[in-house]
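Residue numbers are given in my numbering: position 34 of the sequence shown equals residue 34, and the series is strictly consecutive.
No residue lacks a Cβ here, since even glycine has one placed at the ideal position from N, Cα and C.
Quantities reported herein were computed from a predicted structural model and do not represent experimental measurements.
What follows is a short report on a single structure.
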Amino acid sequence: MPNNSSSSNVAITQPSQSAGGTCLSRPFTETEKWLQVSSFLLIVVVSIFGNTIVIYIIKKNRRLHRSTNYFILNLCAANLMIMVLNTSPDILGRIAPHLGFVVGGLAGTILCKLQGFLALCTVNAAILTLAVIAADRFIAIFFPMRRAISSRTTIWLIAASWVAPALPSSLFLYVYRLFDFDGTLYCLEQWSPAIPLYINTIYSTVDIILFYALPLVEIIIFYGAIIYKIWMRKIPGQATSVNQQLELKAKKSVLKVLITAVLTFALFWLPTKILTVIALIGDVPCIMRSPLIRFVNLFLACMNCAINPLIYLIFSRDYRNGFKASFHCCRRLGCDFSHTRSQSMNMTEMTTNGRQKALTLSSFKRGEGN
């Protein structure tokens, strides 16, 4: 999702050309602009708070120093960068459209290119991280006797999740540049004449396949297989009413995390991807070019960054306990909650303890099997 640093207000007041004629749209009123800015600011605050607190919990809680949680930490870092690189320029453009790109000269050109490059790279890195998490959990469940992912392998996988999207995104280091319109600078894309426009079509097609469609298919397949295995798994020994209740509780907890993560990822990015596909197939209808549609697409995509950490804080007992302990520590002017215990199933236990022994109900209970 490349992000232009140009003022969104300036962009919407200019009619756009389509095959069927000119698409006319009215500029947003001041009330509408401030409602949009307020919505974005709310998402930014929630996203920064949620992702930062998850990173802090993982850092302080030694029980969370495992591969899956390090991938989650990487995802939170990507979410924070998405908010800074994609949402902040849009907010500034709606509040002060006359400012344009505030930095000029060589420094402004470098910042413009880096912003365009990193804005797309961070989004794709977040998507690949979700795919890596799904693969890590799949291996843990279906191959419980396999050795856990080492710290070195975890680092390599995290690095790969950034390098893989960085290579194709490097094209935007050339495409983005500063333009002067009536004394105001704007950071925009310019493909032609140096790069034919069909290259943009090829790039967009490959990007949506490699960094949305395929990761989504992988996530659905792996999580679907995990859900099936957990649901069909038999508890060793005689099934008592207590065991059945614990098993049902474990199943519900797993399903909440997996289904919520998949749905938020797929649904919140779907409008943006649909618009991209329509643009690749043919001319985008005027209704799809409307400023409101562009605002909703960006709003939903950025909302995913705010909701993602809330999923772990709501559905994971370890993260909830870490969240409570962090505020308890703040009141006591500092503490260490690395020994926080939880008594119910947690996804982290499912993805790590299962590698050390056969997957049983005890691997879903905190404190057992350690």
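Go ahead and label tyrosine 198 buried or exposed: buried means 16 or more other beta carbons lie within 10 angstroms of its beta carbon, across all protein chains shown. Within the sequence shown, numbered from 1, the residue matching residue 198 stands at position 198. Exposed is the call here.
For cysteine 76, which residues of its own chain have a beta-carbon under 7 Å away from its beta-carbon, when the five flanking residues on both sides are left out? On the sequence shown, residue 76 is found 76 positions in, with the first residue counted as 1. The residues are Asn51, Val54, Ile55 and Pro309.
What's the call for proline 89, buried or exposed, on a 16-neighbour Cβ count within 10 Å? Within the sequence shown, numbered from 1, the residue matching residue 89 stands at position 89. Looking at its Cβ environment, which holds 16 or more other Cβ atoms inside 10 Å, proline 89 is buried.
Every unbroken alpha helix (DSSP H) within the segment 88-166, with a cutoff of 4 residues, ordered by chain: 88-95 and 105-142
Any beta carbon from chain B within less than 8 Å of asparagine 86's own beta carbon? The structure shown contains no chain B; it holds only a single protein chain.
Counterpart residues of tyrosine 198 in DSSP-defined beta bridges: As a working note, residue 198 is residue 198 in the sequence shown. Partner(s): none; tyrosine 198 has no beta bridge.
For leucine 171, which option in Arg66, Ile133 and Leu120 has the closest C-alpha, if you only look at C-alpha atoms? If you number the sequence shown from 1, residue 171 lands on position 171. It is Leu120.
Leaving aside the five residues before and after threonine 87 along the sequence, list all residues of the same chain whose C-beta is less than 8 Å from its C-beta, in chain order. On the sequence shown, position 87 is the one that residue 87 refers to. Around threonine 87: Phe40, Ile43, Val44, Leu298 and Cys302.
Short check: CB of leucine 114 to CB of valine 103, under 8 Å? Reading the sequence shown from its first residue, position 114 is the one you call residue 114. Reading the sequence shown from its first residue, position 103 is the one you call residue 103. Cβ atoms of leucine 114 and valine 103: not closer than 8 Å.
Across which residues does DSSP place leucine 188 in a beta bridge pair? Here residue 188 refers to the residue found at position 188 when the sequence shown is read from its first residue. Leucine 188 is bridged to Arg177.
Please name the residue in Ile227, Lys60 and Val84 whose C-alpha comes closest to that of serine 47. Working through the sequence shown from its first residue, we reach residue 47 at position 47. The candidate whose alpha carbon is nearest that of serine 47 is Val84.
Which residue marks the beginning of the alpha helix (DSSP H) containing isoleucine 58, and which one marks its end? For the purposes of this step, residue 58 is identified with residue 58 of the sequence shown, where counting begins at 1. 30-60 is the extent of the alpha helix (DSSP H) around isoleucine 58.
Residue range of the alpha helix (DSSP H) that proline 83 falls in? Residue mapping note: residue 83 aligns to position 83 of the sequence shown, counting from 1. For the sequence presented, residue 83 should be read as methionine rather than proline. Element bounds for methionine 83: n/a, residue is neither H nor E.
Who are the near neighbours of threonine 153 in its chain, counting only those whose CB is closer than 8 Å to its CB and skipping five residues on each side? As a position in the sequence shown, residue 153 is number 153, starting the count at 1. Exclusion of the five residues before and after threonine 153 leaves Ser67 as the residues of its chain whose Cβ lies within less than 8 Å of its Cβ.
Reducing DSSP to helix, strand and coil, say where serine 316 ends up. For this step, residue 316 is matched to residue 316 along the sequence shown. Note: serine 316 maps to coil in three-state DSSP.
In terms of alpha-carbon separation, which member of Ile278, Glu32, Val163 and Val242 lies closest to isoleucine 208? On the sequence shown, residue 208 is found 208 positions in, with the first residue counted as 1. Answer by Cα proximity: Ile278.
Just to confirm, is the Cβ distance from isoleucine 57 to tyrosine 319 under 8 Å? In the sequence shown, counting from the first residue as 1, residue 57 sits at position 57. In the sequence shown, counting from the first residue as 1, residue 319 sits at position 319. Their beta carbons are under 8 Å apart, which means isoleucine 57 touches tyrosine 319 by this criterion.
Three or more C-beta pairs under 8 Å: does that hold for the segment 161-176 against the segment 122-131? The segment 161-176 is in contact with the segment 122-131.
Distance between glycine 322 and cysteine 335 (C-alpha atoms, nearest Å): Taking the sequence shown and counting its residues from 1, one reaches residue 335 at position 335. Taking the sequence shown and counting its residues from 1, one reaches residue 322 at position 322. Bear in mind that a pLDDT of 45 at cysteine 335, under 50, signals an unreliable position, so the number given afterwards is only what the model happens to contain. The alpha-carbon atoms of cysteine 335 and glycine 322 are separated by roughly 11 Å.
Do isoleucine 141 and isoleucine 72 have their CB atoms nearer than 8 Å? Locating residue 141 in the sequence shown gives position 141, counting from the first residue. Locating residue 72 in the sequence shown gives position 72, counting from the first residue. At least 8 Å separates the beta-carbon of isoleucine 141 from that of isoleucine 72.
Beta-carbon within less than 6 Å of glycine 100's beta-carbon, same chain only, minus the 5 sequence neighbours each way: which residues are those? Numbered from 1 along the sequence shown, position 100 holds the residue referred to as residue 100. Hits under 6 Å: Thr184, Leu185 and Tyr186.
Would you identify the three-state DSSP class for aspartate 283, choosing helix, strand or coil? Looking up residue 283 in the sequence shown gives position 283. Correct three-state label for aspartate 283: coil.
Taking 7 Å as the cut-off, does the CB of cysteine 302 come closer than this to any heavy atom belonging to the ligand MG? Because no ligand of any kind appears in the structure shown, any question about the ligand MG cannot be addressed here.
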